[in-house]
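*Asks:* Chains as they are written, first to last, in my numbering: chain A, 4 to 336; chain B, 4 to 336. Next up is a structure, given as structure tokens.
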DNA sequence: GGATTTTATGGTAGCGCTGTCATTATCGCG
DNA sequence: CGCGATAATGACAGCGCTACCATAAAATCC
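Next comes the structure, spelled out in structure tokens:
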């Protein structure tokens with residue numbers, strides 16, 4: 004209010020102390036007499052002093068920024084991961100710098116390049132698919148790197164997530180145990196979403212173990228959505244393969260499938276069983292709670308941050324944290 | 004790779020030019036001969052030089068950061084706003100610094116204090132409820148400020164959103180025109196979500212115009228969710244007031260209400276009409292598409308950024324942008 | 001063909017802060 | 001009461017970059 008943009012020096016002058024003393028008061032460092040602290044604090048509020056992190060960062064060569072690269076915000080899964088990240092960051096004095104890559108490695112590279120100039124203490128991204136340049140920037144070893152969601156490959160530094168391949172396998176075993184034999188699959192464009200593809204592969208593998216296979220599948224172009232699931236299930240059923248269960252690439256799609264059944268008068272489970280992935284709230288509120296696999300999105304974000312910040316220096320060994328998944332039995336399969 | 008952390012000076016030395024020339028190449032400023040540009044660029048890649056924005060910012064007194072304060076990430080509405088913000092930011096070289104306030108003005112203040120030290124060019128927040136300190140920081144006038152979602156009050160600088168009061172009024176007029184007379188209301192905790200409250204007020208006002216009023220209402224404690232909507236509708240109906248239409252605080256709640264009807268065998272619209280707010284995708288995929296009001300969340304974020312960045316200096320006059328809303332007729336009312 | 005403009009480059013002085021190394025009270029203690 | 005320890009403060013250099021002002025060479029002009 005008072006001043007245009009007060010600096011440490013202004014505060015020091017007004018308080019009648021040296022700059023470094025003000026700096027210490029602001030950062031709560033070293034021994035400061037009560038008297039001095041008060042003088043400084045009153046000067047600070049009188050001048051509406053706001054520290055300049057750029058200067059601080061330059062002088063101390065350390066930022067408190069964490070770069071976060073998310074594929075999308077349209078899919079509720081990533082905001083939930085972000086919630087976990089924000090929770091992990093809370094109270095640590097760290098701030099997230101967020102970018103949305105649209106599942107595009109080149110976009111990721113561009114954002115990362117830009118983020119790196121802020122000298123973040125850590126980078127959080129998703130999956131293992133990165134451009135050469137991205138990989139090089141992240142590998143240089145100075146900062147910590149977490150790759151979230153997936154643990155099916157070797158991480159650069161830290162991976163936090165679940166095995167999607169294994170999730171797919173568990174799905175098919177579970178459904179086969181329930182007696183289903185004619186498996187349908189409804190998915191979305193998985194060139195972007197490699198993890199959906201991994202789950203599909205796991206599913207096929209799990210079925211193969213039992214001598215089963217997928218009798219019909221439909222891939223809806225574009226990203227996953229309720230609408231896509233609804234439309235794609237209709238397409239699948241029109242093919243006439245008469246599956247007794249349909250596995251969806253995720254819950255959004257599965258909820259869409261459920262809506263299709265409601266609209267088409269198909270009695271879910273008796274006529275056609277449905278199975279999703281993620282365990283979203285919406286699926287559990289339906290008249291017939293969705294049978295699905297719970298992934299722990301919030302936990303993934305939170306754990307990643309906790310590990311990253313607890314060990315600021317990258318360990319020699321890479322680390323993989325499995326946040327697991329559980330079957331939600333539900334009433335649709 | 005090569006170097007620990009190369010600086011401009013290192014690049015200049017290797018390229019055999021002055022620092023400022025390197026700086027110009029990096030920033031694409033001023034006239035540079037093709038020859039020099041190449042020498043510099045090759046030195047840059049040889050050293051894996053990454054500019055240091057902290058230094059740049061300090062020297063030029065300008066950041067490219069936009070502070071974004073969102074109440075929540077659990078509610079899909081805000082990720083959608085954020086998508087709009089990210090879209091508006093794309094290609095401008097600006098980066099968002101994101102904080103989640105949990106609908107808490109004190110949390111907002113804490114985050115803002117922290118963000119201000121990065122000298123953002125603009126601050127984007129939601130609503131008009133801020134602490135005194137927050138208001139003071141934002142009013143100082145140096146940076147641009149957008150308050151999103153709501154336009155029912157006087158903004159500090161720029162407001163982008165819709166009139167929730169008016170949305171409530173339109174809702175009741177629309178439903179009254181359709182012949183509904185016995186209005187129920189199902190909401191969530193609106194001490195946090197002031198806009199839901201405004202819609203409610205508008206709804207009541209709109210009803211009053213027609214000599215109508217709400218015959219029964221239930222407020223579910225806690226934030227809005229599908230589950231909350233489902234439970235609260237059950238509670239409401241148990242009260243026995245026999246409404247012919249229920250207005251929900253938003254689509255999440257309304258979808259929950261729809262699920263309750265499905266489960267309880269209530270034929271939607273004939274036995275009980277449902278009306279939401281937001282126009283989320285999920286509501287439109289249901290067997291009976293939800294009757295609701297579309298708010299333009301993506302647009303709110305995008306427009307805010309566009310206006311903010313197009314006029315870096317705060318104008319003398321405050322500005323309000325109405326992104327409007329439209330009735331989605333649907334099949335539930 | 002000298003004056004003027006344009007193109008290409010560099011020197012220097014900070015931006016606002018913190019790390020390092022002093023320096024000066026003040027205190028406990030045998 | 002003198003000595004090391006602790007508490008409280010300051011001087012100063014420099015983090016890596018860019019704004020500002022200059023300079024030199026080449027191009028343009030009447």
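Ideal Cβ positions, reconstructed from N, Cα and C, are used throughout, including at glycine.
1) Just mark residue 332/B as buried or exposed, buried being the case when its beta carbon has 16 or more other beta carbons within 10 Å.
2) For a test of the three-state rule: what should DSSP assign to residue 21/B, helix, strand or coil?
3) Please return the same chain residues whose Cβ sits closer than 6 angstroms to the Cβ of residue 172/A, not counting the five positions on each side in sequence.
4) Can you confirm whether residue 86/B, when its beta carbon is compared against all beta carbons of chain A, has any partner nearer than 7 angstroms?
5) Report the neighbours of residue 120/B on chain A: residues whose CB is nearer than 7 angstroms to its CB, in chain order.
6) Say whether chain B places a C-beta atom closer than 7 angstroms to the C-beta of residue 333/A.
7) Considering only the beta carbon of each residue, do residue 239/B and residue 286/B sit closer than 7 angstroms?
8) With DSSP run on the structure shown, which of helix, strand or coil describes residue 335/A?
9) Work out the CA separation of residue 177/B and residue 244/B for me, nearest whole Å.
10) So, for residue 4/B: in the same chain, excluding its five sequence neighbours on each side, which residues have a beta-carbon less than 7 angstroms away from its beta-carbon?
11) Among 9/B, 254/B and 120/B, which has the Cα closest to the Cα of residue 66/A?
12) Alpha carbon to alpha carbon, what distance is there between residue 233/A and residue 263/A?
13) Can you grab the Cα-Cα spacing for the pair residue 27/A / residue 195/B, in whole Å?
14) Can you confirm whether the stretch 303 to 316 of chain B touches the stretch 141 to 151 of chain B when touching is taken to mean that 3 or more C-beta pairs between the two stretches lie within less than 8 angstroms?
15) Beta carbons nearer than 7 angstroms to chain B: which residues of the stretch 261 to 286 of chain A have them?
16) Give me the subset of the stretch 224 to 237 of chain B whose CB atoms are less than 7 angstroms from a CB atom of chain A, sorted by chain position.
17) What's the call for residue 306/A, buried or exposed, on a 16-neighbour Cβ count within 10 Å?
18) Provide the residue span of the alpha helix (DSSP H) that contains residue 258/A, from first to last.
19) Counting only C-beta atoms, is residue 108/A closer than 7 angstroms to chain B at any point?
20) Residues of the stretch 244 to 259 of chain B with a CB closer than 8 angstroms to any CB of chain A: list them in chain order, please.
21) Against chain B, does residue 70/A count as a neighbour if the rule is that its beta carbon must be under 7 angstroms from one of theirs?
22) In the DSSP assignment, what residue or residues form a beta bridge with residue 152/B?
23) Does the distance from the CB of residue 308/B to the CB of residue 276/B come in under 7 angstroms?
24) Report the rounded CA-to-CA distance for residue 280/A versus residue 253/A, giving the unit in angstroms.
25) Given that a residue counts as buried once 16 or more other Cβ atoms are within 10 Å of its Cβ, and exposed if not, what is residue 325/B?
26) Under 7 angstroms between the Cβ atoms of residue 330/A and residue 302/A?
27) Answer with yes or no whether the minimum CB distance from residue 28/B to chain A is below 7 angstroms.
28) Would residue 1/A count as contacting chain B if we go by Cβ distances under 7 angstroms?
29) Do you know how far the Cα of residue 59/A is from the Cα of residue 70/A?
30) Just mark residue 36/A as buried or exposed, buried being the case when its beta carbon has 16 or more other beta carbons within 10 Å.
31) Helix, strand or coil: how does DSSP classify residue 196/B here?
32) Measure how close the beta-carbons of residue 31/A and residue 122/B come, nearest whole angstrom, since I'm counting them as under 8 angstroms.
33) To be precise: take each residue of the stretch 15 to 46 of chain A, compare its Cβ to all Cβ atoms of chain B, and keep it if any distance is under 8 angstroms. Which residues remain?
34) Quick one: any contact between the stretch 216 to 232 of chain A and the stretch 157 to 164 of chain A, if contact means 3 or more CB pairs under 8 angstroms?
35) Please report the distance separating the alpha-carbon of residue 83/B from that of residue 300/B.
36) For a contact defined as C-beta to C-beta under 7 angstroms, what are the partners of residue 324/A on chain B?
*Replies:* With the given structure in hand:
1) The count along the second chain starts at 1 and reaches residue 332/B at position 329. By the 10 Å Cβ count, residue 332/B comes out exposed.
2) Your numbering for residue 21/B matches position 18 in the second chain. Correct three-state label for residue 21/B: coil.
3) Your numbering for residue 172/A matches position 169 in the first chain. Around residue 172/A: 205, 208 and 209.
4) Locating residue 86/B in the second chain gives position 83, counting from the first residue. Chain A, which has a Cβ nearer than 7 angstroms to the Cβ of residue 86/B, makes this yes.
5) Position 117 of the second chain holds residue 120/B. Against residue 120/B, the close residues of chain A are 53, 54, 55 and 56, in the order they occur along the chain (beta-carbon pairs closer than 7 angstroms).
6) Reading the first chain from its first residue, position 330 is the one you call residue 333/A. Residue 333/A does not count as touching chain B.
7) If you number the second chain from 1, residue 239/B lands on position 236. If you number the second chain from 1, residue 286/B lands on position 283. No. Outside cutoff.
8) What you label residue 335/A is simply residue 332 of the first chain in a count that begins at 1. Coil, per DSSP.
9) Looking up residue 244/B in the second chain gives position 241. Looking up residue 177/B in the second chain gives position 174. About 22 angstroms.
10) Walking along the second chain from the start, residue 4/B turns up at place 1. For residue 4/B, the pLDDT reaches just 44, beneath the cut-off of 50, and the residue's location in the model is therefore unreliable, leaving the point undetermined.
11) By 1-based counting over the first chain, the position of residue 66/A is 63. That would be 120/B, whose Cα lies nearest to the Cα of residue 66/A.
12) Indexing the first chain from 1 puts residue 263/A at position 260. Indexing the first chain from 1 puts residue 233/A at position 230. Counting only the Cα atoms, residue 233/A lies some 5 angstroms from residue 263/A.
13) Residue 27/A sits at position 24 when you count from the first residue of the first chain. Residue 195/B sits at position 192 when you count from the first residue of the second chain. Whole-angstrom Cα-Cα distance: 37 angstroms.
14) Yes, the stretch 141 to 151 of chain B is in contact with the stretch 303 to 316 of chain B.
15) Answer in chain order: 262, 265, 266, 284 and 285.
16) Of all residues in the stretch 224 to 237 of chain B, 228, 229, 230 and 233 have a Cβ within less than 7 angstroms of some Cβ in chain A.
17) Residue numbering aside, residue 306/A sits at position 303 when the first chain is read from its first letter. The residue is buried, with at least 16 neighbouring Cβ atoms inside 10 Å.
18) Residue mapping note: residue 258/A aligns to position 255 of the first chain, counting from 1. That run of the alpha helix (DSSP H) goes 254 to 267.
19) Locating residue 108/A in the first chain gives position 105, counting from the first residue. The C-beta of residue 108/A comes no closer than 7 angstroms to any C-beta of chain B.
20) Cβ contacts with chain A: 258 and 259.
21) Residue numbering aside, residue 70/A sits at position 67 when the first chain is read from its first letter. With 7 angstroms as the cut-off, residue 70/A does not count as an interface residue toward chain B.
22) For the purposes of this step, residue 152/B is taken as residue 149 along the second chain, with counting starting at 1. According to DSSP, residue 152/B shares a beta bridge with 164/B.
23) Taking the first residue of the second chain as 1, we reach residue 308/B at position 305. Taking the first residue of the second chain as 1, we reach residue 276/B at position 273. Not closer than 7 angstroms, so no.
24) Residue mapping note: residue 280/A aligns to position 277 of the first chain, counting from 1. Residue mapping note: residue 253/A aligns to position 250 of the first chain, counting from 1. Each residue's Cα considered, the two are about 4 angstroms apart.
25) Taking the second chain and counting its residues from 1, one reaches residue 325/B at position 322. Counting other Cβ atoms within 10 Å of its Cβ, residue 325/B stays below 16 and is therefore classed as exposed.
26) By one-based count along the first chain, residue 330/A stands at place 327. By one-based count along the first chain, residue 302/A stands at place 299. The criterion of a C-beta distance shorter than 7 angstroms is not satisfied by residue 330/A and residue 302/A.
27) Locating residue 28/B in the second chain gives position 25, counting from the first residue. By this cut-off, residue 28/B is not an interface position.
28) The question about residue 1/A has no answer here: the residues shown for chain A are numbered 4 through 336.
29) To locate residue 70/A, count along the first chain from 1; it is residue 67. To locate residue 59/A, count along the first chain from 1; it is residue 56. So the two alpha carbons sit approximately 19 angstroms from each other.
30) Within the first chain, the letter at position 33 stands for residue 36/A. Under this definition residue 36/A is an exposed residue.
31) Here the question's residue 196/B lines up with position 193 in the second chain. The answer is coil: DSSP assigns residue 196/B none of H, G, I, E or B.
32) Residue mapping note: residue 31/A aligns to position 28 of the first chain, counting from 1. Residue mapping note: residue 122/B aligns to position 119 of the second chain, counting from 1. That pair is no contact at about 22 angstroms.
33) For the stretch 15 to 46 of chain A, there are no residues whose beta carbon sits under 8 angstroms from a beta carbon of chain B.
34) Remark: fewer than three beta-carbon pairs, one from each stretch, lie closer than 8 angstroms, so the stretch 216 to 232 of chain A and the stretch 157 to 164 of chain A are not flagged as touching.
35) The residue labelled residue 83/B in the question sits at position 80 within the second chain. The residue labelled residue 300/B in the question sits at position 297 within the second chain. Residue 83/B and residue 300/B: Cα-Cα distance of roughly 6 angstroms.
36) For the purposes of this step, residue 324/A is taken as the residue at position 321 of the first chain. Result: empty, since nearest Cβ-Cβ is about 22 angstroms, beyond 7 angstroms.
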